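Below: the structure, in C-alpha cells.
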Amino acid sequence: MATGPPAKVSPDVPRERVEVMCRFFENTGVSDPIPPPYAAPDGYSDLLRVSLKADQVRRGKVSCHLSVGPPLLNTYGGLHGGAVAAVAERVAIGCARTVIREDKELFLGELSISYLSAAPDNVCLFSLSSVIFNCLLIHISNVKFLHY
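All residue numbers for the sequence shown refer to full-length UniProt numbering, where the first residue is 1 and numbers rise by one.
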C-alpha cells in the first residue's frame, strides 16, 4: 500500500467527478492492505505456482499451461494485466535459464507486452517461450500466450 501525501486534484475537475473516482478506487480495493503472504518479496510466486505448470522444457524453449482463475482475475473478471506480466517474466526467465549457467545472475532489463484482450475466468492458456537472441551479456526471449 502506497503511503505519502494525498494526490493534488486540479481545481478544474468537478468535485463530484473526484468523489466518483475515489469511490471507484475504494471499491476495487487498491487501498486495501496486501495480505502478509503476498507482501513478502517475490510473494506473487505463490499466486503463480497454482496456475502455471511447465509442459516442456528444452534448451532455448519452454512451454507452459496457465489456468486462469480467481487469483489472477481483475475486477472485471478477466486475466489481470499484471498477472500477464508476472507470468511472462517467469516464463522468459525460465527459458533464459535453459541456456545460461546457474551461477550467472539474471534480471529482467525490459519487458514489452502487447495485450489485446483479457482471457476470461476458467480458461486454459498455452504459453510458449523461446530464446531468439543469445550472446555473452544479452539474452532476448519471446513469450506468446495462446488460447486452446
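Just so you know, even glycine gets a beta-carbon here, dropped at the ideal spot from N, CA and C.
Since this is a predicted model, take the numbers as computed values, not measurements.
8 Å Cβ cutoff met for residue i and residue j
i	j	result
residue 86	residue 131	no
residue 78	residue 118	yes
residue 62	residue 129	yes
residue 18	residue 9	yes
Reduced DSSP category for residue i - H, G, I as helix; E, B as strand; rest coil
i	result
residue 133	strand
residue 139	strand
residue 24	helix
residue 109	coil
residue 78	strand
residue 16	helix
Residue i versus residue j: straight-line alpha-carbon distance, rounded
i	j	result
residue 40	residue 88	20 Å
residue 15	residue 29	21 Å
residue 72	residue 104	31 Å
residue 48	residue 120	17 Å
residue 54	residue 64	4 Å
residue 98	residue 60	6 Å
residue 122	residue 108	29 Å
residue 148	residue 52	15 Å
residue 113	residue 31	26 Å
residue 141	residue 110	11 Å
residue 11	residue 24	20 Å
residue 92	residue 26	34 Å
Buried or exposed by the 16-neighbour rule on C-beta atoms within 10 Å, applied to residue i
i	result
residue 139	buried
residue 106	exposed
residue 82	exposed
residue 127	buried
residue 145	buried
residue 143	buried
residue 7	exposed
residue 84	buried
residue 1	At residue 1 the pLDDT is 47, less than 50, meaning the model places this residue with poor confidence; the figure from the coordinates comes in the next sentence. Residue 1 comes out exposed.
Residue-chain proximity (residue i, chain B), Cβ-Cβ < 8 Å
i	result
residue 53	Of the protein chains in this structure there is only one, and it is not chain B.
*Starting from the N-terminal side, write out each stretch of the beta strand (DSSP E) that is 3 residues or longer and does not extend beyond the segment 35–73.*
Here the runs fully enclosed are 52–58 and 61–67.
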